[in-house]
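To start, the structure under review is shown below, and the notes come after it.
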Amino acid sequence: MVDLGIMVFRQKNSRGSFKPHLSVKFRSGEDELVTFSIDTTRTPAKYPQPDAYLITHAHSDHNGKSAMLSDRSICTGKTAHALEIRHDRDYKGRTVELGASIEVNGVKVSTFPNFHTVGSSAFYWENDVGTRILVTGDVKDASQLPECDVLITEANYGDPGDTTCYFDDDIQGFSSALEDNSCVAFGAYAFGKAQRAVELMRSCGYDGAVEMEEKSLQLTRSLLDDAGELACIGESCGDSVCIVPPWDLDKLPSDMAKFVMTGRADYRYPAIQISDHLDARGLTSMVHQLDPEFTVVYHPGGHRPGKFAGHLNSQGFNAIAIDKINNVLSNEFI
Numbered sequence: 212m213v214d215l216g217i218m219v220f221r222q223k224n225s226r227g228s229f230k231p232h233l234s235v236k237f238r239s240g241e242d243e244l245v246t247f248s249i250d251t252t253r254t255p256a257k258y259p260q261p262d263a264y265l266i267t268h269a270h271s272d273h274n275g276k277s278a279m280l281s282d283r284s285i286c287t288g289k290t291a292h293a294l295e296i297r298h299d300r301d302y303k304g305r306t307v308e309l310g311a312s313i314e315v316n317g318v319k320v321s322t323f324p325n326f327h328t329v330g331s332s333a334f335y336w337e338n339d340v341g342t343r344i345l346v347t348g349d350v351k352d353a354s355q356l357p358e359c360d361v362l363i364t365e366a367n368y369g370d371p372g373d374t375t376c377y378f379d380d381d382i383q384g385f386s387s388a389l390e391d392n393s394c395v396a397f398g399a400y401a402f403g404k405a406q407r408a409v410e411l412m413r414s415c416g417y418d419g420a421v422e423m424e425e426k427s428l429q430l431t432r433s434l435l436d437d438a439g440e441l442a443c444i445g446e447s448c449g450d451s452v453c454i455v456p457p458w459d460l461d462k463l464p465s466d467m468a469k470f471v472m473t474g475r476a477d478y479r480y481p482a483i484q485i486s487d488h489l490d491a492r493g494l495t496s497m498v499h500q501l502d503p504e505f506t507v508v509y510h511p512g513g514h515r516p517g518k519f520a521g522h523l524n525s526q527g528f529n530a531i532a533i534d535k536i537n538n539v540l541s542n543e544f545i
């Protein structure tokens with residue numbers, strides 16, 4: 212990527228192991244050397260700091276719990292609020308409204324929706340030679356992402372040889388479970404999936420109270436603008452519709468119909484396929500749509516980034532997975 216004026220590298224911590232995810236070094240239009248660290252943990256204060264920690268969303272595997280404590284962190288206002296609720300800490304960085312831009316050391320960084328979680332954001336900027344760089348984070352819908360020259364993206368379901376990486380959301384199944392049972396509970400993670408469940412309920416026409424466990428309730432009330440009536444478990448009158456973490460379904464009355472919003476098959480309750488990610492087909496279509504000269508696949512851990520990068524290479528794209536990145540800088544040289 213030398214001709215594109217960008218270096219993607221990984222950092223090692225004091226124990227000699229890799230920090231999560233990656234960083235990007237480039238020159239700004241003002242010919243200043245700039246470093247952005249993407250969805251990674253903070254560099255200790257005694258070492259030189261990147262110009263920005265870009266936090267795409269508030270899921271723990273994107274390390275906002277660490278980066279949020281730096282005044283150089285950047286995310287949307289709703290992601291910052293979700294981080295504060297989830298981790299009971301004050302967000303120390305800067306915020307930007309989704310769809311707006313923010314300046315970092317002379318670099319205009321624009322944000323675009325990826326529809327993964329409430330407040331989640333892709334980041335886009337250009338370097339001194341006009342290379343367009345896009346960091347997607349995790350993606351549910353790529354329709355509003357801009358074309359780019361360097362794409363840094365995810366592969367949660369990016370293995371084209373794995374049948375579990377192909378799916379369609381079962382909206383009809385969710386709607387039927389809601390309509391066919393007077394007392395029904397959905398197992399959904401407190402951040403991300405619980406808010407998606409409320410949005411689906413309202414889009415299906417359900418306008419009654421939704422009971423939620425405390426953390427899910429706090430997040431949903433704070434993040435959703437049109438959540439409707441919400442209540443703590445056991446507070447509402449009449450028929451009950453509940454959302455709780457999957458492991459709490461056993462705590463609810465035995466006469467309730469219970470479902471888990473997941474593609475996994477290892478729960479004792481019926482699963483309804485609802486994902487916050489693109490599947491293998493969607494990820495591939497996204498890359499075709501964005502048409503990058505080079506793609507870096509940085510998430511998740513394991514073999515899927517390599518599988519997706521290999522798939523892209525077979526389709527004529529230049530791609531590399533994070534575990535093949537040989538550029539390594541220590542904290543002293545960031």
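Take any residue in the sequence shown, count from 1 to its spot, add 211: that is its number in this note's numbering. C-beta atoms are modelled at their ideal positions from N, C-alpha and C, and glycine is treated no differently. All values derive from a computational prediction rather than experimental measurement.
What is the residue span of the alpha helix (DSSP H) that residue i lies within?
{"i": "M497", "result": "A491 to L501"}
{"i": "H510", "result": "From DSSP, H510 is part of no alpha helix (DSSP H) but of the beta strand (DSSP E) over F505 to H510."}
{"i": "V409", "result": "K404 to S414"}
{"i": "A468", "result": "Per DSSP, A468 belongs to no alpha helix (DSSP H); it is in the beta strand (DSSP E), A468 to M472."}
{"i": "L434", "result": "E425 to L434"}
{"i": "S465", "result": "Segment: none, S465 is in no alpha helix (DSSP H) and carries neither H nor E."}
Can you tell me where the beta strand (DSSP E) with residue i in it begins and where it stops?
{"i": "I454", "result": "V452 to V455"}
{"i": "E365", "result": "V361 to E365"}
{"i": "Q222", "result": "I217 to Q222"}
{"i": "F247", "result": "L244 to I249"}
{"i": "L309", "result": "No beta strand (DSSP E) holds L309; DSSP gives it neither H nor E."}
{"i": "K518", "result": "Premise fails: K518 lies in the alpha helix (DSSP H), R515 to S525, not in any beta strand (DSSP E)."}
{"i": "A442", "result": "L441 to C443"}
{"i": "K319", "result": "V318 to P324"}
{"i": "I531", "result": "A530 to A532"}
{"i": "S234", "result": "L233 to R238"}
Measure the alpha-carbon distance for residue i versus residue j and round it to whole angstroms.
{"i": "T374", "j": "V498", "result": "20 Å"}
{"i": "I217", "j": "G398", "result": "43 Å"}
{"i": "Q526", "j": "T495", "result": "9 Å"}
{"i": "R226", "j": "T254", "result": "13 Å"}
{"i": "L215", "j": "T342", "result": "6 Å"}
{"i": "C359", "j": "Q260", "result": "27 Å"}
{"i": "L428", "j": "G240", "result": "45 Å"}
{"i": "A256", "j": "L523", "result": "38 Å"}
{"i": "V471", "j": "K404", "result": "10 Å"}
{"i": "K303", "j": "Y258", "result": "18 Å"}
{"i": "I296", "j": "E424", "result": "14 Å"}
{"i": "A420", "j": "D282", "result": "39 Å"}
{"i": "V219", "j": "L362", "result": "11 Å"}
{"i": "I444", "j": "H270", "result": "24 Å"}
{"i": "M279", "j": "L463", "result": "35 Å"}
{"i": "L244", "j": "A263", "result": "12 Å"}
{"i": "S414", "j": "S228", "result": "46 Å"}
{"i": "Q500", "j": "V508", "result": "16 Å"}
{"i": "V213", "j": "D477", "result": "46 Å"}
{"i": "R432", "j": "P457", "result": "20 Å"}
Does the Cβ of residue i have 16 or more other Cβ atoms within 10 Å, making it buried, or fewer, making it exposed?
{"i": "S248", "result": "buried"}
{"i": "P231", "result": "buried"}
{"i": "R221", "result": "buried"}
{"i": "Q355", "result": "exposed"}
{"i": "A532", "result": "buried"}
{"i": "L441", "result": "buried"}
{"i": "G310", "result": "exposed"}
{"i": "S234", "result": "buried"}
{"i": "D437", "result": "exposed"}
{"i": "G416", "result": "exposed"}
{"i": "L451", "result": "Leu is not the amino acid found at residue 451; the sequence shown has Ser there. Buried, because 16 or more other Cβ atoms sit within 10 Å of the Cβ of S451."}
{"i": "S331", "result": "buried"}
{"i": "N274", "result": "buried"}
Are residue i and residue j closer than 8 Å when you measure CB to CB?
{"i": "P511", "j": "D272", "result": "yes"}
{"i": "T328", "j": "D487", "result": "yes"}
{"i": "D370", "j": "F519", "result": "yes"}
{"i": "E504", "j": "N529", "result": "yes"}
{"i": "A353", "j": "L345", "result": "no"}
{"i": "I266", "j": "D242", "result": "no"}
{"i": "L434", "j": "H292", "result": "yes"}
{"i": "F385", "j": "P357", "result": "no"}
{"i": "A401", "j": "K426", "result": "yes"}
{"i": "D502", "j": "G517", "result": "no"}
{"i": "D381", "j": "I483", "result": "yes"}
{"i": "W336", "j": "K319", "result": "yes"}
{"i": "R515", "j": "N367", "result": "yes"}
{"i": "T290", "j": "T506", "result": "no"}
{"i": "F378", "j": "G513", "result": "no"}
{"i": "A388", "j": "M467", "result": "no"}
{"i": "I246", "j": "K236", "result": "The sequence shown places Thr at residue 246, rather than the Ile named in the question. A contact, by the Cβ cut-off of 8 Å."}
{"i": "E422", "j": "S447", "result": "yes"}
{"i": "N325", "j": "T306", "result": "no"}
{"i": "E314", "j": "G288", "result": "no"}
{"i": "G439", "j": "D459", "result": "no"}
Secondary structure, beta strand (DSSP E): runs of 3+ residues fully inside the segment 254 to 291: Restricted to the segment 254 to 291, the beta strand (DSSP E) segments that are unbroken, complete and at least 3 residues in length are 263 to 265 and 284 to 287, listed in chain order.
Considering only residues of the segment 335 to 406, which uninterrupted alpha helix (DSSP H) runs meet the minimum length of 4 residues and lie entirely inside it, listed in chain order? 382 to 390
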